[in-house]
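Take a look at the structure set out below.
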Amino acid sequence: MKQILLGAAITFASVLAYGQENTANFKIEQAQKLPNELYQLVYNPTTQLVYVAGPQKGFNKETENFVYVLDGQSLALRDSISLGKYLPFGIALNNQTQTLYVGHSLQNAVSAIDLKSKEQHVISNGKEKSKIREIAVDEIRNKVYVSDHGNPSIWEIDGKSNTYLGSFEKAGAYLLGLNVDPQRGKVYGTDANTMEGNILVYNSDSRALEGQFKTWSYCPLNIALDKKENRLFVSQSNDNNITIVDGNTGDILQKVYLGYDSSPIGLVYDENSKLLYTANRNKQEVAIIDTDTYKVVERIATKGLPNTITLDPVSGAVYVTNKQAGKKGEPVENANTVLKINRI
Numbered sequence: 387m388k389q390i391l392l393g394a395a396i397t398f399a400s401v402l403a404y405g406q407e408n409t410a411n412f413k414i415e416q417a418q419k420l421p422n423e424l425y426q427l428v429y430n431p432t433t434q435l436v437y438v439a440g441p442q443k444g445f446n447k448e449t450e451n452f453v454y455v456l457d458g459q460s461l462a463l464r465d466s467i468s469l470g471k472y473l474p475f476g477i478a479l480n481n482q483t484q485t486l487y488v489g490h491s492l493q494n495a496v497s498a499i500d501l502k503s504k505e506q507h508v509i510s511n512g513k514e515k516s517k518i519r520e521i522a523v524d525e526i527r528n529k530v531y532v533s534d535h536g537n538p539s540i541w542e543i544d545g546k547s548n549t550y551l552g553s554f555e556k557a558g559a560y561l562l563g564l565n566v567d568p569q570r571g572k573v574y575g576t577d578a579n580t581m582e583g584n585i586l587v588y589n590s591d592s593r594a595l596e597g598q599f600k601t602w603s604y605c606p607l608n609i610a611l612d613k614k615e616n617r618l619f620v621s622q623s624n625d626n627n628i629t630i631v632d633g634n635t636g637d638i639l640q641k642v643y644l645g646y647d648s649s650p651i652g653l654v655y656d657e658n659s660k661l662l663y664t665a666n667r668n669k670q671e672v673a674i675i676d677t678d679t680y681k682v683v684e685r686i687a688t689k690g691l692p693n694t695i696t697l698d699p700v701s702g703a704v705y706v707t708n709k710q711a712g713k714k715g716e717p718v719e720n721a722n723t724v725l726k727i728n729r730i
């Protein structure tokens, strides 16, 4: 291991959280501060570990960069995975093959990391203008998808050989968010190019564009899926809402307003509890939405700028990356920190 371990995670006794009846049902159990910038993270249900993309401060491409490995129970730092001089931002896991995929947005590449050997294989689409953001994995087809808003497309990567196969194209699109429904054979991408705020719906096998679901919010970001009821949840950072779309018809089922200047970004859906968790960047909170009533039932102050959320589907624990404030922002208490949220 090439980074100094930071020791045991901090335990929080209490946290400012409130619901419809001012009763806290969730709390921040642990927090772990890390030495670099923090972006996306993913939970590994096989190993019960959390993998965190931690590019060097200042996005230094001339020094070694890492993915940090945290214990899913305590958040203690267990290991780090060297990426050489590739800066990590997006991250996704194929749980079946135990391969971690890490996006290098500033270097137009994706690394496939074998978690047993830590062997790194770098994948490129060969196009200079690419600027990638999200990664999603289809474990049924053993395919990996990457949203590219520099070269308007979604990459398709063969998970067996970890080679670039081609792209789902959309001229003029600005592709940001991404998710995949392997059972239905769909790949979803958010297109922030127009005021329609389209969700692009592609066929996983043919790459055909089968639909464009309008969200009517400018610059839709991330996508979470309710695979049982075929609902799509889309974070609308500019319009401060979560848009819920019927995956069968494309109809808007509801818009959940999260408050002025909340700026939701990352989100994750727990199909067991039917709760949706959203990382509200500017409000410095995680909001919890009951997807039966479409009501916000609780808000948890993060004391930092939450970015990405991942879920342990067995325990229901939620993990959040907290970014630090920008150059002009006020310092935040939980900068560059991973938080673990549990039910009380």
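Going from the sequence shown to the working numbering is simple: count from 1 and add 386. We treat Cβ as the ideally placed atom computed from N, Cα and C, and that holds for glycine. Treat the numbers as computed from the prediction; the structure is a model and nothing was measured.
Option in the options with minimal Cα separation from residue i
{"i": "GLU423", "options": "ALA673, TYR550, VAL453 and GLU555", "result": "VAL453"}
{"i": "ASN494", "options": "PRO474, GLU505 and ILE628", "result": "PRO474"}
{"i": "SER510", "options": "LEU607, ARG527, ASN528 and SER491", "result": "SER491"}
{"i": "GLY652", "options": "ASN616, LEU691 and ASN634", "result": "LEU691"}
{"i": "PHE412", "options": "ALA721, PRO431, ALA703 and VAL438", "result": "ALA703"}
{"i": "GLY558", "options": "THR549, ASN537 and GLN569", "result": "ASN537"}
{"i": "GLY715", "options": "VAL438, GLN670, GLY440 and ASP577", "result": "GLN670"}
{"i": "ALA713", "options": "LYS502, GLY444, GLN482 and ILE518", "result": "The residue asked about is misnamed: residue 713 is Lys in this sequence, not Ala. Among LYS502, GLY444, GLN482 and ILE518, the Cα nearest to that of LYS713 belongs to GLY444."}
{"i": "ASN658", "options": "ILE638, LYS614 and ALA410", "result": "LYS614"}
{"i": "SER503", "options": "ASN693, SER468 and ILE730", "result": "SER468"}
{"i": "VAL631", "options": "GLY645, ILE609 and LEU644", "result": "ILE609"}
Cα-Cα separation, residue i to residue j
{"i": "THR723", "j": "TYR429", "result": "16 Å"}
{"i": "GLN416", "j": "ALA478", "result": "23 Å"}
{"i": "SER547", "j": "GLN598", "result": "31 Å"}
{"i": "GLU542", "j": "ASN584", "result": "20 Å"}
{"i": "GLU505", "j": "SER466", "result": "13 Å"}
{"i": "VAL718", "j": "GLU684", "result": "22 Å"}
{"i": "VAL436", "j": "LEU463", "result": "9 Å"}
{"i": "SER460", "j": "THR433", "result": "14 Å"}
{"i": "GLU407", "j": "ALA673", "result": "Below a pLDDT of 50, predicted positions are generally treated as unreliable, and GLU407, at 42, falls in that range; the measurement from the model is reported next regardless. Roughly 15 Å separates the two Cα atoms."}
{"i": "ASP656", "j": "PRO699", "result": "7 Å"}
{"i": "ASN528", "j": "ARG593", "result": "15 Å"}
{"i": "LYS447", "j": "TYR472", "result": "7 Å"}
{"i": "GLN484", "j": "PRO431", "result": "10 Å"}
{"i": "ARG740", "j": "LYS556", "result": "Lying before the first or after the last residue shown, residue 740 is absent from the chain, which here runs from 387 to 730."}
{"i": "ASN666", "j": "ALA410", "result": "18 Å"}
{"i": "ASN720", "j": "GLN710", "result": "8 Å"}
{"i": "LEU697", "j": "GLN418", "result": "17 Å"}
{"i": "ASP457", "j": "LEU427", "result": "13 Å"}
{"i": "GLU331", "j": "GLU596", "result": "Nothing about residue 331 can be read from this structure; the chain reaches only from 387 to 730."}
{"i": "VAL654", "j": "MET581", "result": "25 Å"}
{"i": "LEU639", "j": "GLY476", "result": "29 Å"}
{"i": "LEU501", "j": "ASN693", "result": "24 Å"}
Own chain residues within Cβ distance below 6 Å of residue i, not counting five before or after
{"i": "ILE675", "result": "VAL642, LEU662 and VAL682"}
{"i": "LYS601", "result": "Inspection of the sequence shows that residue 601 is occupied by Thr rather than by Lys. Excluding residues within five positions, the ones whose Cβ falls inside 6 Å are GLY583, VAL620 and THR629."}
{"i": "GLN442", "result": "ASN422, THR449 and ASN451"}
{"i": "ASP524", "result": "VAL566 and PRO568"}
{"i": "THR549", "result": "none"}
Cβ-Cβ separation, residue j to residue i (assumed contact under 8 Å), whole Å
{"i": "HIS535", "j": "LEU561", "result": "5 Å"}
{"i": "TYR705", "j": "ILE695", "result": "7 Å"}
{"i": "LEU611", "j": "SER623", "result": "19 Å between Cβ atoms; not a contact."}
{"i": "SER533", "j": "LEU564", "result": "4 Å"}
{"i": "ILE521", "j": "GLY545", "result": "That pair is no contact at about 12 Å."}
{"i": "SER516", "j": "HIS507", "result": "18 Å between Cβ atoms; not a contact."}
{"i": "GLY575", "j": "LEU586", "result": "5 Å"}
{"i": "GLY633", "j": "ARG617", "result": "6 Å"}
{"i": "TYR425", "j": "THR664", "result": "That belief does not hold up - the Cβ atoms of TYR425 and THR664 are roughly 17 Å apart, past 8 Å."}
One or two residues paired with residue i in a DSSP bridge
{"i": "GLY440", "result": "PHE452"}
{"i": "HIS535", "result": "For HIS535, which the question treats as bridged, DSSP gives no partner whatsoever."}
{"i": "LEU463", "result": "LEU456"}
{"i": "SER497", "result": "VAL488 and VAL508"}
{"i": "ASP772", "result": "Residue 772 is absent from the model: the chain starts at 387 and stops at 730."}
{"i": "LEU691", "result": "LYS709"}
{"i": "VAL683", "result": "None, per the DSSP bridge assignment."}
{"i": "LEU586", "result": "GLY575 and GLN598"}
Same chain, Cβ closer than 7 Å to residue i, neighbours up to 5 away in sequence not counted
{"i": "ASN668", "result": "ASP647, SER648 and SER649"}
{"i": "ASP625", "result": "SER603 and TYR604"}
{"i": "VAL573", "result": "TYR531, ILE540, PHE554, VAL566, TYR588 and SER590"}
{"i": "ASN579", "result": "GLY558, ALA559 and TYR560"}
Cutoff 8 Å; reference residue i; Cβ partners in own chain excluding five residues on either side
{"i": "ASP800", "result": "Here the chain has residues from 387 to 730 only, and residue 800 is not among them."}
{"i": "LEU420", "result": "LEU392, VAL438, GLY440, TYR454, LEU463, ASN722, THR723 and VAL724"}
{"i": "ILE526", "result": "PRO568 and GLN569"}
{"i": "ILE730", "result": "ALA410, ASN411, PHE412 and LYS413"}
{"i": "SER701", "result": "ASN728"}
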